[in-house]
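Right, one structure below, let's go through it.
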Amino acid sequence: MRLVVTRPEQDAAPWVQGLCERGHEATALPLIAIAPAPDPEPLRLAWQQLDQYQALMFVSGNAVAQFCAAQTPPSLASWSQRAPNTRAWATGPGTRKALLKTGVAASQIDAPGVGQFDSEALWHRVKNQVQVGETVLIVRGSDARAAAGPGVGRDWLAQTLQDAGVPVEFVVAYERRLPSCSPAQHEQLCRAASDGSVWLFSSSEAITNLQLLAPGQSWQQARAVATHPRIAQAARAAGFGVVWESRASLDEVLASIESTA
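One point on numbering: in the working numbering, the residue at position 100 of the sequence shown is 478, and numbering is uninterrupted.
Given below as structure tokens:
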């Protein structure tokens, strides 16, 4: 089966490898470009003030990598010494793996165990440990085409924390951009709209960018797997003829695809 992996370039390679190892024809077509934050100073300041937060919530593995890259040296290995009581929150296994890779101790990381990987699942994991009045810092990306704000998909967690009496701050770790699209990639994009390929979406923004890169393209013959109901809704709104929903792990995405083959 032909599969199109739309994750950012840094994240797409292990997915392509894993899918190919399982006998599928997978190619990467990144629909979000990742760039460093325009101003790294707030990231350095957050690290210096680490012990003033009850938790840092990282929205993705890219948030972890860019937060780490802004430090000198680029490592979070001293997290437990700097702030033994500050937790690191992750919404899924990829973000947790990135935290471990940069040196954060497993004992300081909170993440959903199995099944759903999103802000709602993270909240169920941490809601009994949050301290009223103690600040949580959300480490996120920003959209280069929009003014900096809380960030799509993170408003719910921020509002839930604030409703529970927990102050929330934000820091931008990276910038999401519309990727460049070579003639070969554009040809691949148009071909995959109707050749039976299955598009793998883990972000609604990727779907928005796809529409910007191929304005007027019909998606009625295209098929997609989305890793969250909100993403599935965006794919249907974009005109995808068939949209399946799946949890976010590679095995469950594959199970969703193979069950429909």
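Glycine included, each C-beta is placed from N, C-alpha and C at the ideal position.
Ordered list of beta strand (DSSP E) runs contained in the stretch 398-465, each at least 3 residues | 403-406, 411-414, 433-436
What number of angstroms, rounded off, separates the C-alpha of Ala489 from the C-alpha of Val482?
-> Locating residue 489 in the sequence shown gives position 111, counting from the first residue. Locating residue 482 in the sequence shown gives position 104, counting from the first residue. In a straight line, the C-alpha of Ala489 is about 13 angstroms away from that of Val482.
So does the stretch 554-570 actually touch the stretch 534-545, counting three or more Cβ pairs closer than 8 angstroms?
-> no
Could you say which of Ala413, Lys475, Trp577 lies nearest to Arg554 if we only look at CA atoms?
-> Taking the sequence shown and counting its residues from 1, one reaches residue 554 at position 176. Measuring from the Cα of Arg554, the nearest candidate turns out to be Ala413.
Inter-residue CB distance, Thr480 and Val442 (contact presumed, cutoff 8 angstroms) | As a position in the sequence shown, residue 480 is number 102, starting the count at 1. As a position in the sequence shown, residue 442 is number 64, starting the count at 1. The beta-carbon separation of Thr480 and Val442, rounded to 6 angstroms, stays under the 8 angstroms limit for a contact.
Taking all protein chains shown into account, decide if Trp467 is buried (16 or more other Cβ within 10 angstroms of its Cβ) or exposed.
-> Position 89 of the sequence shown, counted from the start, is the residue given in the question as residue 467. It counts as buried.
Would you be able to state if there are at least three C-beta pairs under 8 angstroms between the stretch 414-424 and the stretch 396-404?
-> no
Residue range of the alpha helix (DSSP H) that includes Asp533 | Reading the sequence shown from its first residue, position 155 is the one you call residue 533. Taken as a continuous stretch (DSSP letters only), the alpha helix (DSSP H) holding Asp533 covers 533-541.
How about the stretch 497-512 and the stretch 428-437: do they share at least three Cβ pairs that are nearer than 8 angstroms?
-> yes
Secondary structure of Gly574, DSSP reduced to three states = If you number the sequence shown from 1, residue 574 lands on position 196. Coil at Gly574, not helix or strand.
Val631: first and last residue of the uninterrupted alpha helix (DSSP H) it sits in = Locating residue 631 in the sequence shown gives position 253, where the first residue counts as 1. Where Val631 is concerned, the enclosing alpha helix (DSSP H) stretches over 628-636.
Where does the unbroken alpha helix (DSSP H) through Arg625 begin, and where does it stop?
-> For this step, residue 625 is matched to residue 247 along the sequence shown. Arg625 -> no alpha helix (DSSP H), and no H or E assigned at all.
Cβ-based neighbour list, Val530, same chain, cut-off 6 angstroms, excluding 5 preceding and 5 following = Stepping through the sequence shown from its first residue, residue 530 is reached at position 152. Its pLDDT being 42, under 50, Val530 is placed unreliably in this model, and the value from its coordinates should be taken loosely. Result list for Val530: empty, nothing under 6 angstroms.
Which value, in whole angstroms, describes the spacing of the CA atoms of Trp534 and Leu428?
-> By one-based count along the sequence shown, residue 534 stands at place 156. By one-based count along the sequence shown, residue 428 stands at place 50. Approximately 24 angstroms, taken between the alpha carbons.
Terminal residues of the alpha helix (DSSP H) in which Ser497 lies = Along the sequence shown, read from residue 1 onward, the residue named residue 497 stands at position 119. Unbroken alpha helix (DSSP H) run through Ser497: 497-504.
Answer with buried or exposed for His606, where buried requires no fewer than 16 other C-beta atoms within 10 angstroms of its C-beta.
-> Along the sequence shown, read from residue 1 onward, the residue named residue 606 stands at position 228. It counts as buried.
Taking Gln537 as the reference, which of Val549, Val550, Asp521, Val514 has the closest Cα?
-> Your numbering for residue 537 matches position 159 in the sequence shown. Of Val549, Val550, Asp521, Val514, the residue nearest in Cα terms is Val514.
Please determine if the stretch 582-598 and the stretch 610-620 are in contact, where contact requires at least 3 C-beta pairs separated by less than 8 angstroms.
-> With a cut-off of 8 angstroms, the stretch 610-620 and the stretch 582-598 count as touching, because enough Cβ pairs lie within range.
Report back the beta-carbon spacing between Gly574 and Trp597 to the nearest angstrom; my notes put them in contact at under 8 angstroms.
-> Position 196 of the sequence shown holds residue 574. Position 219 of the sequence shown holds residue 597. So it is not a contact: roughly 13 angstroms between Cβ atoms.
CB-CB under 7 angstroms to Gln589, same chain, minus the five flanking residues each way: which ones, in chain order?
-> For the purposes of this step, residue 589 is taken as residue 211 along the sequence shown, with counting starting at 1. Contacts found: Ala616.
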